[in-house]
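What follows is a set of notes on a single structure, which appears directly below.
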Amino acid sequence: MAKASIEARGDLRLTRLTKTYGDFTAVDDLSLTIPKGSFFALLGPSGCGKTTTLRMIAGLEEPTAGSIHLGETDITTTKPYQRPINTVFQNYALFPHLTIFENIAFGLRRRGQKDVKEAVDKVLNLVELPHLAQRKPTQLSGGQQQRIALARAIVNRPALLLLDEPLGALDLKLRRQMQIELKWIQKEVGLTFVHVTHDQEEAMTMADTIAVMNEGQIEQMGSPAELYDNPETAYVANFLGQSNLIKGTISGNDGDSHIVDLYGQKISLPKNRSHAVDNSTYAGIRPEKFRISLLDTPVKGNVLSGGHIEDVSYIGVSTQYQVEMPWGQELMVFEQNDDGVAPFNKGDAVNISWEPAFTFALRGDEDATAGSEVEPEVLDEE
Amino acid sequence: MSHKIKDATIPTIPLGARIQRWVGRNLIRIYAVIAFTYLFIPVAYTFAFSFNDSGKSNLIWKGFTLGNWQNPCGAPEVCSALGNSIKIGFLATFFSTILGTMIAFAIGRHKFKGRSTSNLLIFLPMATPEIVMGASLLSLFLVFKINPGFWPTVIAHIVFCISFVVVTVKARIASLDPRLEQAAMDLYANEFETFRRVTLPLVAPGIAGAALLAFSLSFDDFIITNFNSGTLTTFPKFIYVSAARGIPAQANVIGSAMFFLALTIVIVGQLVNRRKVR
Numbered sequence: 003m004a005k006a007s008i009e010a011r012g013d014l015r016l017t018r019l020t021k022t023y024g025d026f027t028a029v030d031d032l033s034l035t036i037p038k039g040s041f042f043a044l045l046g047p048s049g050c051g052k053t054t055t056l057r058m059i060a061g062l063e064e065p066t067a068g069s070i071h072l073g074e075t076d077i078t079t080t081k082p083y084q085r086p087i088n089t090v091f092q093n094y095a096l097f098p099h100l101t102i103f104e105n106i107a108f109g110l111r112r113r114g115q116k117d118v119k120e121a122v123d124k125v126l127n128l129v130e131l132p133h134l135a136q137r138k139p140t141q142l143s144g145g146q147q148q149r150i151a152l153a154r155a156i157v158n159r160p161a162l163l164l165l166d167e168p169l170g171a172l173d174l175k176l177r178r179q180m181q182i183e184l185k186w187i188q189k190e191v192g193l194t195f196v197h198v199t200h201d202q203e204e205a206m207t208m209a210d211t212i213a214v215m216n217e218g219q220i221e222q223m224g225s226p227a228e229l230y231d232n233p234e235t236a237y238v239a240n241f242l243g244q245s246n247l248i249k250g251t252i253s254g255n256d257g258d259s260h261i262v263d264l265y266g267q268k269i270s271l272p273k274n275r276s277h278a279v280d281n282s283t284y285a286g287i288r289p290e291k292f293r294i295s296l297l298d299t300p301v302k303g304n305v306l307s308g309g310h311i312e313d314v315s316y317i318g319v320s321t322q323y324q325v326e327m328p329w330g331q332e333l334m335v336f337e338q339n340d341d342g343v344a345p346f347n348k349g350d351a352v353n354i355s356w357e358p359a360f361t362f363a364l365r366g367d368e369d370a371t372a373g374s375e376v377e378p379e380v381l382d383e384e
Numbered sequence: 032m033s034h035k036i037k038d039a040t041i042p043t044i045p046l047g048a049r050i051q052r053w054v055g056r057n058l059i060r061i062y063a064v065i066a067f068t069y070l071f072i073p074v075a076y077t078f079a080f081s082f083n084d085s086g087k088s089n090l091i092w093k094g095f096t097l098g099n100w101q102n103p104c105g106a107p108e109v110c111s112a113l114g115n116s117i118k119i120g121f122l123a124t125f126f127s128t129i130l131g132t133m134i135a136f137a138i139g140r141h142k143f144k145g146r147s148t149s150n151l152l153i154f155l156p157m158a159t160p161e162i163v164m165g166a167s168l169l170s171l172f173l174v175f176k177i178n179p180g181f182w183p184t185v186i187a188h189i190v191f192c193i194s195f196v197v198v199t200v201k202a203r204i205a206s207l208d209p210r211l212e213q214a215a216m217d218l219y220a221n222e223f224e225t226f227r228r229v230t231l232p233l234v235a236p237g238i239a240g241a242a243l244l245a246f247s248l249s250f251d252d253f254i255i256t257n258f259n260s261g262t263l264t265t266f267p268k269f270i271y272v273s274a275a276r277g278i279p280a281q282a283n284v285i286g287s288a289m290f291f292l293a294l295t296i297v298i299v300g301q302l303v304n305r306r307k308v309r
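If you read the protein sequences in the order shown, they are chains P and Z. Take the position in the first sequence, starting the count at 1, then add 2; the result is the number in my numbering. Take the position in the second sequence, starting the count at 1, then add 31; the result is the number in my numbering.
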């Protein structure tokens with residue numbers, strides 16, 4: 003079986019995967035299918051179990067329970083070197099005593115592959131660093147080391163490539179550039195990429211599918227647009243971007259819409275965007291979907307009246323407003339600066355309006371702040 | 032500078048303050064010179080007197096000669112004693128390095144019952160007074176009816192060298208990123224290949240350092256050797272015995288040569304390291 007596992011190809015299937023350390027459950031009954039050829043991101047804060055999941059897929063941790071399949075092959079108990087899976091480590095883990103060429107050739111040589119030189123040269127060209135072949139890793143910049151780590155993994159043409167916070171150590175500008183490059187390389191080589199990150203922007207830029215993880219479980223999985231536009235839980239709503247969540251009660255129906263009472267004001271939202279289980283709910287609206295208007299301006303769609311502008315921050319492309327509502331909650335509103343002026347001032351009495359189709363509804367028993375105040379990531383969470 | 036006209040109105044710094052400032056800036060250098068002088072005077076003395084045309088006793092300077100260096104085995108027994116010390120040194124280094132490295136990996140890399148106890152026990156031979164260890168080893172050999180001589184000395188040297196090897200190699204292992212081994216395993220290297228191609232090359236400088244340390248400890252040892260070697264003469268024993276009737280200048284030659292050999296090894300090691308880092 004060990005011999006066969008290295009040849010395994012196909013979708014990656016995690017079935018009821020669990021990992022516990024003493025009393026602590028790092029990964030809790032996780033089931034997941036990652037289709038062949040996709041760019042998949044596991045997104046979550048430090049300690050959510052994403053890195054443990056990745057290490058179990060790589061074979062560097064043994065699951066406490068559950069199974070891992072690649073195509074039809076069960077690889078749960080195979081050794082890391084028996085899996086057609088390669089990893090780009092968080093700190094790159096390049097071998098300091100070997101040249102860049104030998105670092106990249108390492109996997110090929112272990113498998114007794116022929117034409118090592120040709121394959122290494124080709125992948126060095128792909129990452130645009132052919133002139134560094136004879137250098138040692140310490141002579142390279144962080145960005146170069148990152149690319150060599152990637153080259154060292156993809157040269158083996160694995161069934162699955164795992165990326166563990168691969169851009170965490172790079173500065174912002176380089177990170178943006180590498181995000182685009184990684185995406186391009188994934189399309190170019192056509193491998194399945196599984197990417198672990200705490201950076202929601204990074205996940206949204208690169209991945210086809212994102213699984214948001216929290217406390218060892220998947221909160222929600224979908225395309226970046228699905229997760230952003232229609233989050234199912236407060237955790238996802240707050241962790242991916244910002245959300246205004248307003249407490250309310252579902253008071254009636256109108257065709258395909260629910261009528262929701264928010265502190266005495268009625269709004270409507272599509273039924274298929276409601277994840278509430280009973281009448282109690284949180285209505286969710288992204289800050290950029292709101293429109294602000296003065297009291298006497300007629301508006302369409304959902305309206306909440308009685309607001310006061312509490313704070314105005316002009317940040318170039320947009321202006322951010324804090325609007326205090328009659329029930330004491332401050333709502334966040336992002337207005338595009340299309341016309342070049344900030345038309346509202348602190349203290350203005352305003353209405354807030356938006357398209358009903360942009361509203362989503364969460365369960366009313368949720369913690370509205372879940373996922374919004376996640377502690378900053380500490381590099382090297384292991 | 033010279034084209035500037037001296038302006039008498041600029042206040043000058045008084046001499047006392049200037050001296051104080053110079054001393055303040057250079058105090059650490061002055062201290063370093065004194066410290067190194069203290070450390071190297073004995074070495075310099077040994078080296079200088081290796082050129083002494085001494086005759087019997089090498090205590091008074093009698094004139095310069097290269098004769099001692101041209102004929103280092105000139106004094107009776109000096110080279111057979113040296114040969115014994117080198118043989119014992121190599122054997123003790125070989126075995127203590129292998130055993131000590133294995134212990135270091137066990138303690139540094141694996142969790143097992145009694146690990147912290149082993150860790151502590153490894154330090155004990157280093158803390159035990161040599162005179163006690165020498166005497167107890169001798170009585171142990173005698174209990175087992177083994178007569179003092181070459182092999183008992185080798186065994187005794189292995190005993191006290193192992194601790195130093197373990198400590199040195201363990202420090203190197205501790206600084207090794209475990210993710211490098213994980214990366215090797217991830218890149219299709221099995222346990223043995225990972226050890227051979229990643230772990231061992233990265234720990235090798237530590238092992239080499241430990242071996243050098245073991246050799247110099249063994250070569251240099253007098254107290255434990257004196258208990259366990261019987262009639263066998265090692266280089267330190269030879270010098271101790273001849274001290275009573277005057278150490279021959281050949282001993283200075285060999286001592287100086289050892290010093291320069293060690294110095295060369297250190298310098299070459301540093302140069303190789305610097306090239307690697309660059």
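Virtual Cβ for every residue (Gly too), placed ideally from N, Cα, C.
What residue does the alpha helix (DSSP H) around glycine 165 (chain Z) start on, and which one ends it?
Per DSSP, glycine 165 (chain Z) belongs to the alpha helix (DSSP H) from 161-174.
Measure the alpha-carbon distance for leucine 164 (chain P) versus phenylalanine 42 (chain P) and round it to whole angstroms.
Looking at the backbone, the Cα of leucine 164 (chain P) and that of phenylalanine 42 (chain P) are separated by about 10 Å.
Taking 8 Å as the limit between beta carbons, can you name the residues of its chain near leucine 90 (chain Z), skipping five residues before and five after?
Gly277
At the 8 Å Cβ level, is arginine 149 (chain P) part of the contact set with chain Z, yes or no?
no
Note the first and the last residue of the continuous alpha helix (DSSP H) segment covering asparagine 93 (chain P).
Per DSSP, asparagine 93 (chain P) belongs to no alpha helix (DSSP H) and is neither H nor E.
Please classify aspartate 31 (chain P) as buried or exposed, where buried requires at least 16 neighbouring CB atoms within 10 angstroms.
Classification of aspartate 31 (chain P): exposed, given that the 10 Å Cβ count is below 16.
Give me, in chain order, the residues of the same chain whose beta-carbon lies closer than 6 Å to that of isoleucine 134 (chain Z); leave out the 5 immediate sequence neighbours on both sides.
Val197
Residues of chain Z with CB under 7 Å from alanine 60 (chain P), in chain order?
Neighbours of alanine 60 (chain P) on chain Z, chain order: Asp217.
Count the other CB atoms, across all protein chains shown, that sit within 10 Å of the CB of methionine 157 (chain Z); report buried if there are 16 or more and exposed otherwise.
exposed
In chain Z, which residues lie less than 7 Å from histidine 99 (chain P) when you measure between Cβ atoms?
Pro232, Leu233
Counting only the same chain and skipping the five closest in sequence on each side, list residues whose C-beta sits under 7 Å from that of asparagine 16 (chain Z).
This structure cannot settle anything about residue 16 (chain Z), because the visible part of chain Z is limited to 32 through 309.
Does any residue of chain P have a CB that is nearer than 8 Å to the CB of alanine 135 (chain Z)?
no
Since phenylalanine 336 (chain P) sits in a beta bridge, which residues does DSSP pair it with?
Under DSSP, phenylalanine 336 (chain P) forms a beta bridge with P:Gln322.
Extract the residue ranges of the alpha helix (DSSP H) inside the segment 200-260 of chain P, only unbroken runs of 4 or more that lie entirely within it.
202-208, 226-231, 236-241
Is the separation between the beta-carbon of alanine 123 (chain Z) and that of serine 206 (chain Z) shorter than 8 Å?
no
Under three-state DSSP, which class holds glycine 105 (chain Z)?
coil
Could you tell me whether the Cβ of serine 7 (chain P) comes closer than 8 Å to any Cβ of chain Z?
When Cβ-Cβ separations below 8 Å define contact, serine 7 (chain P) makes no contact with chain Z.
Please classify glycine 313 (chain P) as buried or exposed, where buried requires at least 16 other C-beta atoms within 10 Å of its C-beta.
Before going further, note that residue 313 (chain P) is aspartate rather than glycine in the sequence given. Its Cβ having fewer than 16 others within 10 Å, aspartate 313 (chain P) is exposed.
Spatial neighbours of leucine 152 (chain P) within its chain, please: C-beta separation below 6 Å, excluding the five flanking residues on both sides.
Val90
Does the distance from the CB of methionine 208 (chain P) to the CB of histidine 197 (chain P) come in under 8 Å?
yes
Only counting the same chain, and skipping five residues up and downstream in sequence, which positions put a Cβ closer than 7 Å to that of isoleucine 280 (chain Z)?
With the sequence shown as reference, residue 280 (chain Z) is identified as alanine, and isoleucine is not the correct amino acid for it. Once the five neighbours on either side are set aside, the close Cβ partners of alanine 280 (chain Z) are Phe80, Ser81, Asn83, Ser85, Asn89, Asn99.
Are the beta-carbon atoms of glycine 250 (chain P) and leucine 264 (chain P) separated by less than 8 Å?
The answer is yes: Cβ separation under 8 Å.
With a CB to CB cut of under 6 Å and the five nearest residues on each side skipped, what residues in its chain are close to proline 328 (chain P)?
Gly308
Report all residues from its chain with a CB closer than 6 Å to the CB of aspartate 251 (chain Z); omit the five preceding and five following residues, and keep chain order.
If we look at aspartate 251 (chain Z) and ignore the five residues flanking it on each side, it has no Cβ neighbours.
Smallest Cα separation from arginine 11 (chain P): which of P:Leu34, P:Ile248, P:Leu72?
P:Leu72
Would you report the Cα separation of valine 262 (chain P) and leucine 62 (chain P), rounded to the nearest angstrom?
Here the alpha carbons of leucine 62 (chain P) and valine 262 (chain P) stand approximately 49 Å from one another.
Any beta-carbon of chain Z closer than 8 Å to the one on threonine 22 (chain P)?
no
Restricting to runs no shorter than 3 residues, where is the beta strand (DSSP E) found entirely within the segment 259-326 of chain P?
Listed in chain order, the complete beta strand (DSSP E) runs (minimum 3 residues) inside the segment 259-326 of chain P are 259-264, 267-272, 282-287, 293-296, 304-316, 320-326.
Under 8 Å between beta-carbons, which chain Z residues line up against tyrosine 323 (chain P)? List them in chain order, please.
Simply none; closest approach about 47 Å.
Would a C-beta distance cut-off of 8 Å place aspartate 166 (chain P) and glutamine 92 (chain P) closer than the cut-off?
yes
Run through the DSSP bridge pairs and tell me what arginine 1 (chain P) is partnered with.
A question about residue 1 (chain P) goes unanswered here, because the residues of chain P that appear run from 3 up to 384.
Are the segment 229-245 of chain P and the segment 275-286 of chain P touching, with three or more C-beta to C-beta distances below 8 Å?
yes
By Cβ distance, which residues of its chain are closer than 8 Å to glutamate 332 (chain P), with the 5 residues on each side in sequence left out?
Glu312, Gln324, Val325, Glu326
Could you check if arginine 210 (chain Z) is buried or exposed, using at least 16 other CB atoms within 10 Å of its CB as the buried criterion?
buried
Using CA coordinates, which residue listed in Z:Thr128, Z:Gly139, Z:Ala187 is at the minimum distance from arginine 203 (chain Z)?
If we check each option's Cα against that of arginine 203 (chain Z), Z:Gly139 comes out closest.
Can you round the beta-carbon distance between isoleucine 252 (chain P) and alanine 278 (chain P) to whole angstroms, since I take them to be within the 8 Å contact cut?
Rounded, the Cβ-Cβ distance is 6 Å, consistent with contact.
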